[in-house]
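S.K.: Using the working numbering, read the sequence shown as starting at -16 and increasing by one per residue.
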Amino acid sequence: MEAPAARYVPGEPGAVPTSPSSPSSPSSSSSFVTSFEAVVQSPEQMLELGRRLAKLLRSGDLVMLNGELGAGKTTLTRGLGEGLGVRGAVTSPTFVIARVHPSLGEGPPLVHVDAYRLGGGLDEMEDLDLDVSLPDSVIVVEWGEGKVEELTDDRLHVVIHRAVGDTTDEVRHVTVTGVGERWASVELGVLSA
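1) Whether or not the region 30 to 37 and the region 62 to 73 are in contact is what I'm after, with contact meaning three or more pairs of Cβ atoms, one per stretch, closer than 8 Å; do they touch?
2) Once you ignore the five residues that flank leucine 45 on each side, which residues in its own chain have a CB closer than 6 Å to its CB?
3) Pick from Leu48, Lys38 and Thr17: whose alpha carbon is nearest that of histidine 95?
4) Do the CB positions of tyrosine 99 and glutamate 125 come within less than 8 Å of each other?
5) Can you give the beta carbon distance from serine 18 to threonine 158, rounded, assuming they're within the 8 Å contact cut?
6) Just checking: is the beta-carbon of valine 154 within a distance shorter than 8 Å of some beta-carbon in chain B?
7) Please look up how many angstroms separate the CB atoms of valine 73 and histidine 156, rounded, as I've assumed it's under 8 Å.
8) Which whole-angstrom value describes the C-beta separation of serine 86 and leucine 67, a residue pair presumed to lie in contact below a C-beta threshold of 8 Å?
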């Protein structure tokens, strides 16, 4: 059972604090899960959410992004890159599979992976050496669900939902879930600040 999620809607006061869940997370052998939910109204707010999330990240963190095409995964990652202070424009790595953005300061580099075209699990991604990069980097994997969980028991799952079909709706529903001991004491509710 997951912890109650904090819900944040831009323009409304703060979010409900999150707390560690019960010891039985169905998606991991780890025993801690925390969640945060946000309603994002624009690409600018998605960038800002990424900047805030970057403040919680450190070397060794794995962030898995999932959502429909055009949901805002790369926009969120661009905000992460800005917040981490990395070099280079963060763009979709769909055709190159992975890009490394070195830090402009003392922080970790950002490794941005797009696993959309990769069908298999971690075996198919071995050539990327993510297991070697992880201890020294922040790794963000778009479309990583079912493909990179074996890298670590501690990770963030970010799911972005948007209206599908012929719509100009900019509203996105974002759920950030921390899995594992690394995230047990991290207050994801600060993302609403």
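Think of the CB as a built atom: it goes at the ideal place given N, C-alpha and C, for glycine as much as any other residue.
M.R.: Working from what's here:
1) As far as the Cβ criterion goes, the region 62 to 73 touches the region 30 to 37, which means the pair count is three or higher.
2) In chain order, Ile122, Leu134, Thr135 and Arg138 place their CB closer than 6 Å to the CB of leucine 45, counting only its own chain and leaving out the 5 sequence neighbours on each side.
3) Checked all of Leu48, Lys38 and Thr17; the closest Cα to histidine 95 is Leu48.
4) Result yes, Cβ atoms of tyrosine 99 and glutamate 125 sit closer than 8 Å.
5) The Cβ separation is near 6 Å, so the contact holds.
6) Considering every chain present, this structure includes no chain B. It has just one protein chain.
7) A Cβ-Cβ distance of about 22 Å is found for the pair valine 73 and histidine 156, leaving them out of contact under the 8 Å criterion.
8) A Cβ-Cβ separation of about 7 Å places serine 86 in contact with leucine 67 under the 8 Å criterion.
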